[in-house]
Amino acid sequence: MDVLYRVADWGTIYENSASRKCQRLLWVPIPNKHDSDGYTELVVEHPNGPAHYGCWVALV
């Protein structure tokens, strides 16, 4: 069986009124605020944090 991943709260976090009208998304509005606690914890305090962030963006 194939593995399927689902991003939690996709519609709330990554969708907007323009993207909901599209049949096929060519872009995703990813928040780019780099001063949040979560971003700082991942990138600064986590081993290989920047690589993990890059993988997340690639998955999205």
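Count the sequence shown with the numbering used here and you get residues 396 to 455, in order.
Beta carbons: idealized from backbone N, C-alpha and C, even for Gly.
**Whether Leu437 touches His429 by CB criterion (8 Å)** = no
**Item:** Backbone secondary structure at Leu456 - three-state DSSP
**Value:** Limits of the chain in this structure are 396 at one end and 455 at the other, which puts residue 456 out of reach.
**Asked** Between which two residues does the alpha helix (DSSP H) harbouring Arg415 extend?
**Response** Ser412 to Arg415
**Asked** Does the Cβ-Cβ distance between Val439 and Val402 come in under 8 Å?
**Response** no
**Prompt:** Would you report the Cα separation of Thr472 and Trp451, rounded to the nearest angstrom?
**Reply:** Absent from the model: residue 472. The displayed extent of the chain is 396 to 455, so no value can be given.
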